[in-house]
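Take any residue in the sequence shown, note its place counting from 1, add 91, and you have its number in this note's numbering.
Ideal Cβ placement from N, Cα and C applies to all residues, glycine included.
Below is one structure, written out as structure tokens, with a few remarks after it.
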Amino acid sequence: MRVWLDHVGVAVGELAPALAFFRDVLGLHVESPEEVTSQHVRAHFLHMGPSSLELLEATAPGSPIARFVEKRGPGLHHVALRVEDIDQALAELHARGVRLIDHAARPGAEGARVAFIHPSAAHGVLVELKEPAPAVARFRTPVRHQLGDLELISVSDGFFRLDGGAMFGVVPRALWQARLPPDDRHRIPLGLRPLIVRGEQTMIIDAGCGDKMDARSADIYGLERAYHLDHALAEAGLSVDDIDIALASHLHFDHVGGFTRRAEDGRLVPRFPRARYVAHAQEWQDATHPHERNRASYLAENFVPLLEAGVLTLVDDGAEIMPGVSYRRSGGHTAHHQVVMIRSAGMTAVFAADMYPTAAHVPDPWVMGYDLYPMDTLAFKRAFAREAIEREYLVFFEHDPALAAGILREDAGRRRVQRVI
Ligand SMILES: [Zn+2]
Ligand SMILES: [Zn+2]
Numbered sequence: 092m093r094v095w096l097d098h099v100g101v102a103v104g105e106l107a108p109a110l111a112f113f114r115d116v117l118g119l120h121v122e123s124p125e126e127v128t129s130q131h132v133r134a135h136f137l138h139m140g141p142s143s144l145e146l147l148e149a150t151a152p153g154s155p156i157a158r159f160v161e162k163r164g165p166g167l168h169h170v171a172l173r174v175e176d177i178d179q180a181l182a183e184l185h186a187r188g189v190r191l192i193d194h195a196a197r198p199g200a201e202g203a204r205v206a207f208i209h210p211s212a213a214h215g216v217l218v219e220l221k222e223p224a225p226a227v228a229r230f231r232t233p234v235r236h237q238l239g240d241l242e243l244i245s246v247s248d249g250f251f252r253l254d255g256g257a258m259f260g261v262v263p264r265a266l267w268q269a270r271l272p273p274d275d276r277h278r279i280p281l282g283l284r285p286l287i288v289r290g291e292q293t294m295i296i297d298a299g300c301g302d303k304m305d306a307r308s309a310d311i312y313g314l315e316r317a318y319h320l321d322h323a324l325a326e327a328g329l330s331v332d333d334i335d336i337a338l339a340s341h342l343h344f345d346h347v348g349g350f351t352r353r354a355e356d357g358r359l360v361p362r363f364p365r366a367r368y369v370a371h372a373q374e375w376q377d378a379t380h381p382h383e384r385n386r387a388s389y390l391a392e393n394f395v396p397l398l399e400a401g402v403l404t405l406v407d408d409g410a411e412i413m414p415g416v417s418y419r420r421s422g423g424h425t426a427h428h429q430v431v432m433i434r435s436a437g438m439t440a441v442f443a444a445d446m447y448p449t450a451a452h453v454p455d456p457w458v459m460g461y462d463l464y465p466m467d468t469l470a471f472k473r474a475f476a477r478e479a480i481e482r483e484y485l486v487f488f489e490h491d492p493a494l495a496a497g498i499l500r501e502d503a504g505r506r507r508v509q510r511v512i
């Protein structure tokens with residue numbers, strides 16, 4: 092077994108005086124805290140090269156850290172050792188008769204898997220074993236791609252998190268967790284990547300979550316918008332004023348939350364002041380008449396103000412939105428969910444929206460639990476994949492945290508995505 096010092100855990104009574112020393116006197120940088128709800132603890136990491144200090148703050152009386160501080164006062168709590176394979180490490184320790192607190196790994200902070208060795212076996216030291224989460228490289232820089240006469244710019248509105256089980260429907264966690272490891276609240280990291288298409292006009296397809304989400308929802312969805320669409324537009328040399336057309340794949344909040352914003356006087360106004368907004372007519376009907384199953388996803392504040400401002404156009408299946416760009420109904424996720432076909436000079440790109448939310452969803456049966464008509468999704472995916480592989484479509488994955496677009500390939504029956512962006 093190979094081990095490295097990962098971090099030293101320090102139990103704090105009050106956070107402010109602890110930060111006054113570790114942050115202000117020692118000059119260490121404090122990462123934003125992470126709550127491990129199962130342990131009622133908030134962890135503040137201060138990184139120092141390959142190792143860190145972890146300040147542990149109890150969030151509930153009677154929790155392990157609260158009891159520790161009560162009994163012994165604040166101070167050194169545990170030493171964490173990083174291992175490559177925690178299951179193998181536990182098996183080895185068990186075989187050697189080492190007394191363990193956890194016989195199986197459990198979720199820790201930052202998506203890691205952890206287990207504790209009993210202090211009696213480690214000469215009075217509480218030892219944590221930690222297998223860090225496989226790094227999900229998250230990328231947010233705008234990336235340009237020329238498709239014939241059209242320029243495509245993939246941009247980011249930040250990241251959010253959704254329940255991993257719901258994202259993969261009937262696919263067991265044992266199969267998807269290696270691709271997108273869940274955190275201790277069972278959520279997987281997801282990107283929010285609208286696509287800008289520049290031709291005769293400048294169009295944005297979807298616009299992320301926007302900034303209207305209340306604090307409670309932002310916490311539930313793990314919304315991270317320190318860097319968001321305005322930053323991405325600026326980095327790409329654009330602003331909200333450059334957008335002529337804003338097109339919706341469908342009207343869920345994580346796709347059109349960024350279509351409106353709250354003005355200083357509290358009114359909801361279109362985010363892109365010069366744009367004509369385009370949505371599907373029947374999707375609009377469904378979004379404005381929600382039922383119990385889809386109510387949480389359709390928030391009127393994201394689209395009704397567009398109708399009121401007189402900037403909305405509703406179109407049907409297959410509509411051409413601007414030269415080379417047209418809707419294509421996939422259904423499945425919602426009855427009238429659209430993918431967007433982008434064609435120029437004999438080449439085709441596809442904005443797949445929630446038909447292929449991430450590159451992990453490329454196998455046909457990997458269909459989200461969120462889909463209202465999963466059998467329709469399956470039927471569309473089957474036919475679409477054949478076509479995309481044969482014609483080498485460039486497919487954009489709106490929610491993939493680590494990859495913007497790629498080409499579907501199939502070798503010996505195994506389907507994969509060859510990264511392009
Ligand atoms: Zn959706
Ligand atoms: Zn979505």
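Residue environment, residue i, which counts as buried when at least 16 other CB atoms sit within 10 Å
i           : result
residue 499 : buried
residue 286 : buried
residue 375 : buried
residue 259 : buried
residue 413 : buried
residue 97  : buried
residue 457 : buried
residue 192 : exposed
residue 108 : exposed
residue 357 : exposed
residue 221 : buried
residue 429 : buried
residue 361 : buried
DSSP state of residue i mapped onto helix, strand, coil
i           : result
residue 417 : strand
residue 439 : strand
residue 432 : strand
residue 117 : coil
residue 329 : coil
residue 305 : coil
residue 198 : strand
residue 287 : strand
residue 107 : helix
residue 397 : helix
residue 375 : helix
residue 293 : strand
residue 482 : helix
residue 412 : strand
residue 181 : helix
residue 90  : Limits of the chain in this structure are 92 at one end and 512 at the other, which puts residue 90 out of reach.
residue 450 : helix
residue 424 : coil
residue 98  : strand
residue 467 : helix
residue 314 : coil
residue 477 : helix
Member of the options whose CA lies at the smallest distance from the CA of residue i
i           : options            : result
residue 321 : 304, 298, 490      : 298
residue 444 : 454, 420, 325, 120 : 420
residue 378 : 408, 425, 493      : 425
residue 144 : 152, 151, 150, 135 : 135
residue 117 : 130, 139, 105      : 139
residue 278 : 216, 367, 288, 257 : 257
residue 350 : 363, 411, 290, 95  : 363
residue 281 : 254, 150, 486      : 254
residue 329 : 233, 385, 415, 263 : 233
residue 592 : 461, 194, 220, 331 : Residue 592 falls outside the range modelled here, since the chain spans only 92 to 512, and no answer is possible.
residue 486 : 438, 464, 147      : 438
residue 157 : 284, 149, 214      : 149
residue 130 : 142, 175, 159      : 159
residue 142 : 417, 100, 194      : 100
residue 195 : 187, 202, 179, 289 : 179
residue 366 : 404, 512, 137, 342 : 404
residue 411 : 503, 427, 432, 309 : 432
residue 164 : 103, 115, 175      : 103
residue 121 : 133, 137, 113, 154 : 137
residue 345 : 332, 309, 355      : 309
is_contact[residue i, chain D] using C-beta, thresh 8 Å
i          : result
residue 95 : Going by chain labels, chain D is absent from the structure shown, which holds only one protein chain.
For the stretch 245–263 against the stretch 301–314, are there 3 or more C-beta pairs whose distance is under 8 Å?
yes
Complete alpha helix (DSSP H) runs within the stretch 135–174 (minimum length 4 residues, chain order)
155–163
Could you tell me which whole alpha helix (DSSP H) segments of length 4 or greater appear in the stretch 211–284?
255–259, 264–267
Meets three-Cβ-pair contact criterion under 8 Å: the stretch 236–243 and the stretch 266–284
no
For the stretch 122–130 against the stretch 161–171, do three or more pairs of beta-carbon atoms, one drawn from each stretch, fall closer than 8 Å, so that the two count as touching?
no
Does the count of Cβ pairs from the stretch 327–339 and the stretch 280–296 closer than 8 Å reach three?
yes
Could you check whether the stretch 446–457 touches the stretch 501–508, counting it as contact only if at least three pairs of C-beta atoms, one from each stretch, sit closer than 8 Å?
yes
Does the contact criterion of 3 or more C-beta pairs under 8 Å hold for the stretch 324–331 versus the stretch 465–480?
no
In the stretch 324–369, which residue ranges form an unbroken alpha helix (DSSP H) of at least 4 residues, counting only runs that do not cross its ends?
344–347
How do the stretch 358–372 and the stretch 391–398 stand: do at least 3 beta-carbon pairs fall below 8 Å, yes or no?
yes
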